[in-house]
Amino acid sequence: MMHTDEGRPDGGWIRVRVPLPFSLKYVNAYLVPERDGWTLVDPGLRTPEAERLWREVLERSGIGFREIRAIVLTHPHPDHIGLAGWFQERSRAPVYMSGRAHAYAMRLWGPERTFTDELPALYREHGLPREMEEALRDHLEGFVAMVSPLPEPVFIQGGDRLEVGGKGWEILDTPGHADGHLCFYLREERRLLCGDQVLNGITPNISLVPGGEPGVLARYLDSLASLEKLEVELALPGHRDPIRDMRGRIGEIREHHVRRLEAMEAMLETPLTAFEVCMQLFGGRVNGSMHHLRFAMSETLAHLEHLAREGRAASARGADDIVRWKRG
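Numbers 430 to 757, taken from our numbering, label the letters of the sequence shown in order.
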């Protein structure tokens with residue numbers, strides 16, 4: 430089965446829906462025609478199914494690996510970066526990503542990775558049952574094969590311009606969803622490659638993780654305010670369908686976080702661990718899935734931290750060395 434858009438976003442672009450073994454089902458990758466080849470954006474998670482799909486897509490589209498002239502990554506999550514090194518080995522193309530994104534990827538999956546110890550330790554402080562720690566470590570280690578080999582990157586950053594499809598795209602720093610997340614804006618065509626910063630129908634995960642910058646939710650909301658100022662007729666996201674009403678969608682996402690913060694604040698009449706808050710918020714949606722629990726727990730911590738920054742919540746470490754939260 431072909432996971433491509435026959436209509437294409439326009440200008441000869443090809444959207445490839447790369448399968449994922451998660452509830453999201455697929456990630457959007459984009460092939461952008463160049464004068465002498467193609468640029469590939471966010472190739473997806475490395476799995477046997479994804480490799481087979483890409484070989485089929487390239488063969489049916491008449492594209493050889495060596496015709497991939499550049500690989501561009503919006504951010505370092507495994508469903509976006511996973512196949513970048515695999516493609517680089519076959520195409521010899523440069524891989525463009527931010528320095529922060531690369532540092533994050535190395536902490537998670539590099540040869541000297543530390544994240545598989547740091548994240549369980551953080552969650553344990555915030556109430557994760559001890560018997561779940563090993564399952565979390567195994568879950569994190571399971572991604573190493575799905576992002577290997579990691580690419581050799583060329584670093585780009587906000588304020589730079591990148592030539593894609595014969596046009597100069599403005600690179601925008603857009604923190605919040607992931608360390609080093611970038612969006613790419615083509616001003617004259619009012620088009621935005623937005624990665625996972627803004628999504629249709631679902632709200633991007635905002636996670637507090639070890640080593641991340643403080644105030645992650647505040648930084649995300651600030652980045653939405655910056656994107657809201659842009660004139661965007663078509664936004665191409667990392668999941669689901671293109672966005673035609675960028676400002677409207679940003680407003681919906683902002684309102685979601687307002688409601689989430691209010692709901693959490695109301696829970697904190699009595700002290701709770703972040704794990705207890707997480708279970709009250711997400712409950713059955715995360716039971717039995719370490720993948721879902723990881724996102725839910727880090728999202729809970731991001732919102733609790735935001736409440737604390739606003740003076741609406743406070744945390745204290747108990748005699749059992751577990752952190753509990755209450756209304757400020």
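For every residue, glycine included, the Cβ atom is placed at its ideal position computed from N, Cα and C. Source: prediction; values computed, not measured.
Task: Cβ neighbour criterion (16 or more within 10 Å) applied to H685 - done: Here residue 685 refers to the residue found at position 256 of the sequence shown. Flag for H685 reads exposed.
- [ ] Return the first residue and the last residue of the alpha helix (DSSP H) that E478 is part of.
- [x] Your numbering for residue 478 matches position 49 in the sequence shown. Residues 477 to 490.
TODO: Look at the alpha carbon of G436 and the alpha carbon of E691, and state the distance between them as a whole number of angstroms.
DONE: The residue labelled residue 436 in the question sits at position 7 within the sequence shown. The residue labelled residue 691 in the question sits at position 262 within the sequence shown. Note on G436: pLDDT 40, under 50, position unreliable in the model; no value is reported.
- [ ] Kindly confirm or deny that the region 522 to 538 and the region 499 to 512 touch, where touching means at least three C-beta pairs closer than 8 Å.
- [x] yes
- [ ] Could you please give me the residues that DSSP links to V470 through a beta bridge?
- [x] The residue given as residue 470 occupies position 41 in the sequence shown. Note: V470 sits in a beta bridge opposite Y459, V501.
Task: Rounded C-alpha distance that separates E560 from E705 - done: Numbered from 1 along the sequence shown, position 131 holds the residue referred to as residue 560. Numbered from 1 along the sequence shown, position 276 holds the residue referred to as residue 705. Each residue's Cα considered, the two are about 16 Å apart.
- [ ] Could you tell me the distance, in whole angstroms, from the CA atom of E570 to the CA atom of A703?
- [x] Along the sequence shown, one-based indexing puts residue 570 at 141. Along the sequence shown, one-based indexing puts residue 703 at 274. Their Cα atoms are separated by approximately 24 Å.
Open item on the list: Can you tell me where the beta strand (DSSP E) holding W445 begins and where it ends?
Closed with: To locate residue 445, count along the sequence shown from 1; it is residue 16. Here residue 445 turns out to be Val, not Trp, going by the sequence shown. Looking at the DSSP string, the run of the beta strand (DSSP E) that includes V445 is 443 to 448.
- [ ] Return the bridge partner residues of R521 from the DSSP annotation.
- [x] Position 92 of the sequence shown, counting from 1, holds the residue named residue 521. R521 is not bridged to any residue.
Task: Residue environment, E734, which counts as buried when at least 16 other CB atoms sit within 10 Å - done: Locating residue 734 in the sequence shown gives position 305, counting from the first residue. So E734 counts as buried.
TODO: Would you kindly work out how many angstroms separate the C-alpha atoms of V593 and G440, rounded to a whole number?
DONE: Within the sequence shown, numbered from 1, the residue matching residue 593 stands at position 164. Within the sequence shown, numbered from 1, the residue matching residue 440 stands at position 11. Going by the C-alpha atoms only, they are around 12 Å apart.
Task: Sequence-distant residues of the same chain with beta carbon closer than 8 Å to L650, five excluded per side - done: Walking along the sequence shown from the start, residue 650 turns up at place 221. Closer than 8 Å at Cβ, skipping near neighbours: G605, R683, H686.
Task: Uninterrupted beta strand (DSSP E) stretches inside the region 645 to 671 (no shorter than 3 residues) - done: 663 to 666
Task: Nearest candidate by alpha-carbon position, reference D625, set L722, A737, H732, L656 - done: Sequence index remark: in the sequence shown, residue 625 carries index 196 (1-based). Here the closest residue by C-alpha is L656.
Open item on the list: Between I600, D546, V576, which has its C-alpha nearest D567's C-alpha?
Closed with: As a working mapping, residue 567 is identified with position 138 in the sequence shown. Cα-wise, what sits closest to D567 is D546.
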